[in-house]
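Residue numbers (my numbering): 13 to 176.
Glycine is no exception: its CB is placed at the ideal position from the N, C-alpha and C atoms.
What you are looking at is a predicted structure, and each value in this text was computed from that prediction instead of being measured.
Here the structure comes first, spelled out in structure tokens, and everything after it is commentary.
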């Protein structure tokens, strides 16, 4: 867990920018960078949930029948894990758009909302077609909100406290 604490202590966006600038920007390297640094928050959340649930009374009672993890701990820890994963999807979308907007993410001709926002920053486009940056921005907003709402709905569906 100390390794996770060390990785979390560095701001993730700066690590992503550093990795992408050391190597040439591409979609493959961006995915690898997100995979290297994106799991730490979820790992810390899962560990905390499992440590708190293993001392609860229903888990101590279930030790006698040895069905602890799949019947008691995992269903109770599933809500926060799913919410964390869907929030991570929203963060990855925002970070990829920001890196692509800065020219460090997905490179043209591959389309990305960040590339669309960067292309719309031309002064000629801003004066004549002001709506060009509006649609990618709205789509980023709606997509991130949709993933957050899906995560919230899944948390409500999987949370055993709400079912009672």
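- Judged by DSSP secondary structure, residue 92 falls within the alpha helix (DSSP H) whose first and last residues are 86 to 113.
- Annotation: residue 87 to residue 104 spans about 26 Å, alpha carbon to alpha carbon.
- Residue 158 counts as exposed, since fewer than 16 other C-beta atoms from the protein chains shown sit within 10 angstroms of its C-beta.
- Taking the Cα of residue 168 as reference, the smallest distance to any Cα among 89, 120, 133 is reached at 89.
- DSSP places residue 133 outside both helix and strand once states are collapsed to three, so it counts as coil.
- Between residue 129 and residue 148 the beta-carbon gap is near 5 Å, inside 8 Å, which marks them as a contact.
- Apart from the 5 residues on each side of it in sequence, residue 57 sits with its Cβ closer than 8 Å to the Cβ of 92, 93, 96 in its chain, given in chain order.
- Taking C-beta atoms under 8 Å as the contact rule, residue 55 and residue 28 fail to qualify, at a distance of about 18 Å.
- Residue 38 sits in coil when the DSSP states are folded into three classes, being neither helix nor strand.
- Distance from the CA of residue 22 to the CA of residue 42, rounded to the nearest whole angstrom, comes to 18 Å.
- In this structure, residue 124 places its C-beta atom within 8 Å of the C-beta atom of residue 108.
- The C-beta distance from residue 156 to residue 106 rounds to 6 Å, short enough to fall under 8 Å.
- Exclusion of the five residues before and after residue 144 leaves 132, 137 as the residues of its chain whose Cβ lies within less than 7 Å of its Cβ.
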